[in-house]
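Numbering (this note's numbering), first residue to last: 6 to 398. What follows is a single structure, written as C-alpha cells, with notes after it.
Quick look at the structure:
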C-alpha cells in the first residue's frame, strides 16, 4: 500500500506520517522545503518522541521525500497512491490542489487499463471546517466536468478531525535533524458516511457518521479552551498554558465556558453529559501538562481569525443563544480576545488599531459579523472585564 502526504512538518512527520507508516503504508512526503526533503532521503529513519507521563520514542521508517517542484514525480506518486493526505495549512492547499488534480487524472487513465478495481482516498488533515470538502472545491476547477464524473467514482473525499499538540521544544534539544516531539494524545476522526462501503483500514483512526459533531466537540472544547486560557493567561502575565491554569480566575472562566458548550453539544449533537465530561477532563489534563511547555502567545495568536463567526468563540456563543443557553462566560472570552494586544502579533496590532480608530461596534461588525445591537454583541460590550481592560489603552 502506498500513501502520499503533503507537508513534512511536525504534524506530517509526528502524526499523520507516523500513523500511515504504522499501518503498513509506504509514505512519500511532499514538501516545498528542499532541505527537509534531502534530510528525509538521506536518513532512513527518524524518531518521534512521545511526551507523556513516561517519555517514549518511536522510530519511523519506510518513507521517501519528494520536492514539490518536481511535478512529474509528484503526479506519478499520487497516481500510484491508495491514500493522499495533507497537513500544509489552509492557505497552502491552493498550491497543492492542481498537483492532486493532475495525479487524479493520471489515476483515471490507469483505471481504464487496470483489471483490478481502483479506489483512492483524499483527506485534508487541516484545522479547518469541512477541510477535505474545501480541498475538493479547489481541485474541481482543474478537471473537466466529464472527467470529474468519472473521478468521483474512483475517489472519496471524507472530512476529518485531527488533534495533536506539538510541544514547544527547541530543535537544539532534539537528537536528530528530523526528530519531532508530540504529545501522547492523538485524535484522527474520519467521516464514515462519505466512505460509504469503501474500506479504509487505518488503525489509530476513528470513523463516525457525525463528523460535524466530532468537529464541533473539538472546536468548542479544546480550541475554545486554548483561546480563553490564551487571552486571559496573557492578560494575567503568564508565559505558559499550564501556568495560567493554576490561576483561580482563569479556572473559573474556563469552567464556566466549558459548562456552556457542554450543554450546547448535548442539545445540538446528542453528545451525552458523561461523554462530554470525559472529553473535557482529557482536554484539561492535556493543557495542564507542563512537559508540553505550550506558550500563551501560541494559543492566543491571530485573534481576528479566532473571532470569525465560524470559529471557536463566536460559533459556540451564537449556538448557545439559539439553544436558549446564556453564553456569559463565552462572551467574556470574546472580550478577552478583543483585549489581546501582544506587540509581535500582527492581528492583535490590527485589532488594537481598529478599536482605537473605529470603535467596538465596527470591530464586532467587521471581524465577527455581529450586529452591534444583537444579543451577543451587547453581552460582549457590557462585559465588565472588557470595560476594565479597555481602560488601559
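Note that beta-carbon positions come from the ideal geometry of N, C-alpha and C, so glycine has one too.
If we count the other Cβ atoms within 10 Å of its Cβ and call it buried at 16 or more, is residue i buried or exposed?
{"i": "residue 389", "result": "Confidence in residue 389 is poor, its pLDDT being 49 and thus under 50, which makes the residue's placement too unreliable to answer from."}
{"i": "residue 62", "result": "exposed"}
{"i": "residue 316", "result": "buried"}
{"i": "residue 117", "result": "exposed"}
{"i": "residue 267", "result": "buried"}
{"i": "residue 108", "result": "buried"}
{"i": "residue 398", "result": "Here the model assigns residue 398 a pLDDT of 47, short of 50, so the residue's position is not dependable, and the following value carries that caveat. Answer is exposed; the Cβ neighbour count stays below 16."}
{"i": "residue 188", "result": "buried"}
{"i": "residue 382", "result": "buried"}
{"i": "residue 264", "result": "exposed"}
{"i": "residue 13", "result": "buried"}
{"i": "residue 348", "result": "exposed"}
{"i": "residue 164", "result": "buried"}
{"i": "residue 204", "result": "exposed"}
{"i": "residue 180", "result": "exposed"}
{"i": "residue 20", "result": "buried"}
{"i": "residue 257", "result": "exposed"}
{"i": "residue 283", "result": "exposed"}
{"i": "residue 49", "result": "exposed"}
{"i": "residue 150", "result": "exposed"}
{"i": "residue 290", "result": "exposed"}
{"i": "residue 182", "result": "exposed"}
{"i": "residue 353", "result": "buried"}
Considering only the alpha carbon of each residue, which of the options lies closest to residue i?
{"i": "residue 173", "options": "376, 105, 55", "result": "55"}
{"i": "residue 208", "options": "22, 313, 12", "result": "22"}
{"i": "residue 122", "options": "158, 110, 96", "result": "158"}
{"i": "residue 148", "options": "105, 116, 189", "result": "105"}
{"i": "residue 26", "options": "40, 57, 64, 14", "result": "64"}
{"i": "residue 70", "options": "78, 85, 45, 82", "result": "45"}
{"i": "residue 313", "options": "201, 151, 134", "result": "134"}
{"i": "residue 377", "options": "366, 278, 255, 285", "result": "366"}
{"i": "residue 5", "options": "322, 279, 350", "result": "Within the shown structure, residues of the chain are numbered from 6 to 398, placing residue 5 beyond reach of any answer."}
{"i": "residue 195", "options": "249, 290, 18, 218", "result": "218"}
{"i": "residue 328", "options": "150, 386, 275", "result": "275"}
{"i": "residue 136", "options": "191, 60, 216, 66", "result": "216"}
{"i": "residue 286", "options": "190, 60, 346, 273", "result": "190"}
{"i": "residue 6", "options": "120, 124, 60, 74", "result": "124"}
{"i": "residue 374", "options": "362, 320, 330, 387", "result": "320"}
Tell me which residues share the same chain as residue i and place their Cβ nearer than 7 Å to its Cβ, disregarding the 5 neighbours each side in the sequence.
{"i": "residue 198", "result": "214"}
{"i": "residue 395", "result": "Confidence is the limiting factor: at residue 395 the pLDDT is only 49, short of 50, which leaves the residue's position unreliable and the question unanswerable from this model."}
{"i": "residue 246", "result": "234, 238, 292, 299, 301, 304"}
{"i": "residue 78", "result": "71"}
{"i": "residue 281", "result": "267, 270, 271"}
{"i": "residue 113", "result": "152, 155, 156, 159"}
{"i": "residue 318", "result": "229, 232, 311, 312, 335, 338, 339, 342"}
{"i": "residue 273", "result": "324, 328"}
{"i": "residue 51", "result": "18, 65, 181, 183, 184"}
Take residue i and list the residues in its own chain whose beta-carbon comes closer than 6 Å to its own, dropping the five residues that flank it on each side.
{"i": "residue 310", "result": "none"}
{"i": "residue 193", "result": "167, 210"}
{"i": "residue 39", "result": "72"}
{"i": "residue 28", "result": "207, 208"}
{"i": "residue 11", "result": "35, 91, 93, 101"}
{"i": "residue 186", "result": "54, 56, 172, 174"}
{"i": "residue 306", "result": "350"}
{"i": "residue 37", "result": "73"}
Determine, for residue i, whether the minimum Cβ-Cβ distance to residues of chain C falls below 9 Å.
{"i": "residue 349", "result": "No chain C appears in this structure, which consists of one protein chain only."}
Return the chain-ordered list of same chain residues with a C-beta closer than 8 Å to the C-beta of residue i, the five sequence neighbours on each side being excluded.
{"i": "residue 444", "result": "Because the chain spans 6 through 398 in this model, residue 444 falls outside it and cannot be assessed."}
{"i": "residue 326", "result": "332, 380, 381"}
{"i": "residue 368", "result": "343, 356, 359, 360"}
{"i": "residue 8", "result": "25, 30, 31, 32, 33, 86, 87, 88, 89, 90"}
{"i": "residue 1", "result": "With the chain covering 6 to 398 only, the question about residue 1 has no answer from this structure."}
{"i": "residue 200", "result": "126, 161, 163, 212"}
{"i": "residue 277", "result": "271"}
{"i": "residue 68", "result": "22, 26, 31, 32, 33, 34, 45"}
Practice task
Tell me the start and end of each unbroken beta strand (DSSP E) in the stretch 307-336 that is at least 3 residues and wholly inside, in chain order.
Solution key: Within the stretch 307-336, no run of beta strand (DSSP E) at least 3 residues long lies entirely inside it.
Handout entry: the stretch 331-346 touching the stretch 227-234, judged by at least three CB pairs closer than 8 Å
Key = yes
Problem - Cβ contact check for the stretch 156-173 and the stretch 285-299: 3 or more pairs under 8 Å - result: yes
Exercise for the section: Please go through the stretch 74-101 and give each complete beta strand (DSSP E) segment of 3 or more residues, from N-terminal end onward. Expected result: Runs of beta strand (DSSP E) with 3 or more residues, each lying fully within the stretch 74-101, are found at 88-91, listed in chain order.
Handout entry: beta strand (DSSP E) segments (min. 3 residues) lying fully within the stretch 262-315
Key = Counting only runs of 3 or more, we get nothing.
Exercise for the section: Please go through the stretch 13-85 and give each complete alpha helix (DSSP H) segment of 4 or more residues, from N-terminal end onward. Expected result: 22-27, 39-47, 76-85
Practice task
List in chain order: all unbroken alpha helix (DSSP H) runs of 4+ residues lying wholly within the stretch 115-173.
Solution key: 136-144, 150-159
Exercise for the section: Run through the stretch 183-210 for me and flag every whole alpha helix (DSSP H) of 4 or more residues, listed as ranges in chain order. Expected result: 197-200
Exercise for the section: State whether the stretch 213-227 contacts the stretch 90-102, with contact taken as three or more CB pairs (one from each stretch) at a distance under 8 Å. Expected result: When Cβ pairs closer than 8 Å are counted between the two stretches, the stretch 213-227 is seen not to touch the stretch 90-102, the count staying below three.
Practice task
Note down, one range per segment and in chain order, each alpha helix (DSSP H) of at least 4 residues found wholly within the stretch 218-266.
Solution key: Listed in chain order, the complete alpha helix (DSSP H) runs (minimum 4 residues) inside the stretch 218-266 are 229-240, 246-249.
Practice task
At 4 residues or longer, and completely inside the stretch 337-390: list those alpha helix (DSSP H) runs for me, N to C.
Solution key: Correct list: 351-362, 365-373, 380-387.
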